[in-house]
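Asks: With this note's numbering, letter number 171 in the sequence shown gets 1389, and the count goes up by one each step, no holes.
Virtual Cβ for every residue (Gly too), placed ideally from N, Cα, C.
Predicted, not measured: the structure shown is a model, and the values here were computed from it.
Below you will find the structure I want to go over with you.
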Amino acid sequence: MRRCAFALCFCLTAGAGQAFPGFYDKLVEKYAFAPDSAAAKAKCQVCHDGKPPRLNIFGKQVKGALGPDMVLSPEVLAKVGAEDANGDGKTNDEDLAAGALPGGAGSAKSNAPGARSEREDDDDDDDEEGEEHTAPSSTSSELIPKHSMHPAMAHFPLALWAVAAFFELFGRYRKQKSYHDIAIANLGIGLIASIVTIGTGIAAMLRLGYWPLTANPMIIHLALASGSTLLALGAWSQRKKDGLGFLILLCLSAGSVLLAGHFGGDMVFAQ
1219 MRRCAFALCF
1229 CLTAGAGQAF
1239 PGFYDKLVEK
1249 YAFAPDSAAA
1259 KAKCQVCHDG
1269 KPPRLNIFGK
1279 QVKGALGPDM
1289 VLSPEVLAKV
1299 GAEDANGDGK
1309 TNDEDLAAGA
1319 LPGGAGSAKS
1329 NAPGARSERE
1339 DDDDDDDEEG
1349 EEHTAPSSTS
1359 SELIPKHSMH
1369 PAMAHFPLAL
1379 WAVAAFFELF
1389 GRYRKQKSYH
1399 DIAIANLGIG
1409 LIASIVTIGT
1419 GIAAMLRLGY
1429 WPLTANPMII
1439 HLALASGSTL
1449 LALGAWSQRK
1459 KDGLGFLILL
1469 CLSAGSVLLA
1479 GHFGGDMVFA
1489 Q
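Okay, here's the thing in structure tokens:
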């Protein structure tokens, strides 16, 4: 029975680690952006305005069309594609098919590969004199994404502590101590995983511009995540005592980390 329980925990955490949505990949799959197009160079900025989680007008249209499952389905793409985010008279579908940015101020023509404005032609001499321009991001810069893999790593303590609380409650109901041992194992592995989760969370907070703290979802997320870790440490200290202290601390920790995950997801999909 223990082996089955540990296998269940592994499947839950492994499956959760794959739960980060690849919206840009879905756009590439449908519209096949040319490598030198504005959309290909923008990547996540097709939907975002500056640093995530801020969304441009096209990103807000996508968010508004998503269902509760937050899946960018063909139906969602068809609905959003028929709209005109930048008001240039062309649908989002037409802009994206041309490799343009539907959330930007320009039309498909002005954002198309190789398109040039009169201003750019007039500035050629200035370019030759050393005017600096932002170069497209290189592939090497994408090896460590700006979120520092925190959304993926956060699933491990979240799932492990929730599963630990489940087995502790189930074991008390069945009056079988073996489930208590399983709960302790999940709690311990979750605490180890939380070290990496905290590290990637701090890195993501700094790299995405959330420091100093100003956004309410970030403050709530940080408070709940920190609180859940402290509660989990408290539960770990009570693991050898046969009382309600361990159960209460474990359940509070699981509830706090689930709420922290909710507010973290809210930041990912926030306007």
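(1) What residue does the alpha helix (DSSP H) around T1418 start on, and which one ends it?
(2) What do you reckon, are the CB atoms on C1262 and L1273 nearer than 8 angstroms?
(3) For P1375, count neighbouring C-beta atoms within 10 Å of its own C-beta (all shown protein chains included) and say buried if the count is 16 or more, exposed if not.
(4) Using 8 angstroms as the threshold, is the segment 1448-1467 in touch with the segment 1384-1402, meaning 3 or more CB pairs across them?
(5) By Cβ distance below 6 angstroms, which residues in the same chain neighbour D1311 in space, the five residues on each side in sequence not counted?
(6) Spatial neighbours of G1479 within its chain, please: CB distance less than 7 angstroms, with the 5 preceding and 5 following residues excluded, ordered by chain position.
(7) Have a look at R1337 and L1314 and give me their C-alpha separation to the nearest angstrom.
(8) Thinking C-alpha only, which one of E1247, L1440, T1309, L1467 is nearest L1387?
(9) Checking 8 angstroms against the spacing of the C-beta atoms, do A1296 and P1320 come in under that value?
(10) G1427 to A1441, Cα distance in whole Å?
(11) Check H1266 in the structure and name its three-state DSSP category.
(12) Taking only the alpha-carbon atoms, compute the straight-line gap between L1378 and T1418 and give it to the nearest angstrom.
(13) Spell out the partners DSSP gives L1319 in its beta bridges.
(14) In the DSSP output, which residue or residues are listed as bridge partners for L1273?
(15) Which stretch, first to last residue, makes up the alpha helix (DSSP H) that contains V1246?
(16) Can you tell me where the alpha helix (DSSP H) with Y1391 in it begins and where it stops?
(17) Taking only the alpha-carbon atoms, compute the straight-line gap between E1301 and P1292 and give it to the nearest angstrom.
(18) Buried or exposed: Y1391, going by 16 or more other Cβ atoms within 10 Å of its Cβ?
(19) State buried or exposed for N1404, treating a residue as buried only when at least 16 other CB atoms are found within 10 Å of its CB.
(20) Could you give the first and the last residue of the continuous alpha helix (DSSP H) run that contains E1301?
(21) Considering only residues of the same chain and omitting the five flanking positions on each side of F1464, which have a CB-CB separation below 7 angstroms?
(22) Taking all protein chains shown into account, do 16 or more other C-beta atoms lie within 10 angstroms of the C-beta of K1393, making it buried, or fewer, making it exposed?
(23) Where does V1289 fall in DSSP's three states?
(24) From I1413 to F1385, what distance separates their C-alpha atoms?
(25) Rounded C-beta distance between H1439 and M1367? I'm assuming under 8 angstroms.
(26) Which runs of the alpha helix (DSSP H) spanning at least 4 residues fall entirely within the segment 1419-1483, listed in chain order?
Replies: According to the structure data:
(1) 1395-1425
(2) no
(3) buried
(4) yes
(5) Only G1299 meet the Cβ criterion.
(6) A1372, L1376
(7) Because the pLDDT at R1337 is just 40, under 50, the model does not fix this residue reliably, and the value given afterwards should be weighed accordingly. Using only the alpha carbons, I get a separation of about 24 angstroms.
(8) L1467
(9) No, they are not a contact pair.
(10) 18 angstroms
(11) strand
(12) So the alpha carbons of these two residues sit roughly 18 angstroms apart.
(13) The partner list for L1319 (beta bridge, DSSP) is empty, contrary to what the question assumes.
(14) H1266
(15) Looking at the DSSP string, the run of the alpha helix (DSSP H) that includes V1246 is 1241-1249.
(16) 1373-1392
(17) 15 angstroms
(18) exposed
(19) buried
(20) Premise fails: E1301 is in no alpha helix (DSSP H) and is neither H nor E.
(21) So the list reads A1453, Q1456, R1457, once near-sequence residues are dropped.
(22) exposed
(23) Per DSSP, reduced to three states, the secondary structure at V1289 is coil, with no helix or strand assignment.
(24) Our two residues, I1413 and F1385, have alpha carbons roughly 23 angstroms apart in a direct line.
(25) With a Cβ gap of about 17 angstroms, H1439 and M1367 do not count as contacting.
(26) 1434-1455
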